[in-house]
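See below for the structure under consideration.
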Amino acid sequence: MTVVRSELRPDRGAGRHFGEIRRELLEALCGAFSRRDQRRKAEQYVHGLLVTGGRKTFRNIAAGLGGSAVEQSLQHFVTSSTWHWMPVREALASRLERLAAPRAHVVRLVTIPKTGEHSVGVGHTTDPNTGQAFHGQYAFGVWQASERMSSPVDWRLFLPPAWAQDPARMRRAGVPAGLAPETTPEECAVAAVLDSDLGWRMALRPVVMDLPVSQVASVMRRFTGAGVSAIVRVERKTSFTVADPTVPGHRGGAMTAGEIMASVRGLRVRAGQWDRHGPAASRPPLVTMVRVRPSCRVRNGPGTGGEVLLFGEWSGRQEAPTSLWATNMPTARPDSLLRITGLTQQVDEGLSRVAEDVGLQDFEGRSFPGWHRHVTLASAAYAIRVLTGSHHQAAQPTGLPA
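Sequential numbering from -8 applies to the sequence shown in the numbering used here.
Structure follows, in structure tokens:
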């Protein structure tokens, strides 16, 4: 596998007027709607997400656009209309390809707290970001990311077993009859990116799975089989066997990623004169890379998958690596891999600034189609914010039709 190279072009959104960027992006998205009234309502909803303060409920959005009549109209458009979200997402991704030249796709888990039991996909689980008990929805977003910007373009909602095994509950929530939910969040995350990477008419880019992956063998098998270059985050306790005969522990059987990194700590090297914010102001991180085989479950007991490259990154004087990754790109250079994994920081920073501002997690309905339509239009508002640098700034109404 080789990294798909993508030279970063200057951000064409920099310095351009908010209204100009918004019109250009909405014109591209509205081509995915078959009816004029749907295009008008899509513009209204995105506009409302951009200018409404506080929670982006139907009532709050409509308050600035015409009151109760507009509220009912927009609620029907999002929850009960006939338009499908995938063509709109593909149009958004295609336009962002032209405007921002993304280097990779970053898959990230977004947890959405809920108080009730009826929102589609809601359940009791543990938030992997905090380790705390969590009640709500698991959503996996796919971000197009470069060193200068990142924006979500596709989403997949995890349906836990309590939902997937209850046909009546699925039907009430409007989950399509032919949809086969994934059995684990990891499978859902992989499906999120492969659906868009393989189904849309755009160049394949490296994928970064910014969540701890436990079943590395099966995840990598899916990416490699699809011809997709991937880097996945792994935990220190994830099990591998060393495939390089020159590395300590080669004949020692299965070891954890943490143990392997400890055994090769003396082989660390500097990863070029670069850090995640541009030219290095201080010494670049230390890295080391080892060819390994991820442990997996087979019919007759434990086994190993195909070879991957395990690499760790150290900052400062820390004994343990600050991050651990595995990739199916065996010939990639350390600095190239770090440039790609560094995009996760760009996604996190953008998410913390913009998601609340555009109401990404504010959908108040309960249905599967409604949730997907809302996050699709919120992603369009998100893209406008990051392309214009206008987050947390009040945009002025422009007289969109009610």
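Positions of the beta carbon are idealized from the N, C-alpha and C atoms, including for glycine.
| Check | Outcome |
| --- | --- |
| DSSP state of E226 mapped onto helix, strand, coil | coil |
| Beta-ladder partner(s) of A394, from DSSP | There is no way to answer for residue 394, as the model of the chain reaches only from -8 to 393. |
| Buried or exposed (CB count within 10 angstroms, at least 16 for buried), T232 | buried |
| Whole-angstrom distance between A19 and L334, CA atom to CA atom | 26 Å |
| S132 and W154 closer than 8 Å at C-beta | For the sequence presented, residue 132 should be read as Gly rather than Ser. No, the pair does not count as a contact, with Cβ atoms beyond the cut-off. |
| Nonlocal neighbours in the same chain, by C-beta distance under 8 Å from V349, ignoring five residues either side | L40, L41, K47, A369, A372, Y373, R376 |
| Cβ-Cβ separation, R308 to W76 (assumed contact under 8 Å), whole Å | Incorrect: roughly 48 Å between the Cβ atoms, too far for contact. |
| Residues near L329 in its chain [Cβ-Cβ closer than 6 Å; skip 5 each side] | A262 |
| Alpha helix (DSSP H) runs contained entirely in the stretch 53 to 123, provided each spans 4 or more residues | 59 to 70, 76 to 91 |
| Exposed unless 16 or more other CB atoms sit within 10 angstroms - verdict on S358 | buried |
| Whole-angstrom distance between Y129 and H115, CA atom to CA atom | 10 Å |
| T70 classed as buried or exposed, judged by whether at least 16 other C-beta atoms fall within 10 angstroms | buried |
| Under 8 Å between C-beta atoms of A248 and T279 | no |
| Neighbourhood of T106 by C-beta distance below 8 Å, restricted to the same chain and skipping five residues each side | H126 |
| Cβ shell of A345 (< 7 Å), same chain only, five flanking positions each side left out | Here the sequence assigns Val to residue 345, which means Ala is not the residue at that position. So the list reads Y373, R376, V377, H382, once near-sequence residues are dropped. |
| Opening and closing residue of the beta strand (DSSP E) in which V198 lies | 198 to 203 |
| Cβ-based neighbour list, P360, same chain, cut-off 6 Å, excluding 5 preceding and 5 following | G165 |
| Range covered by the alpha helix (DSSP H) that runs through W362 | 359 to 379 |
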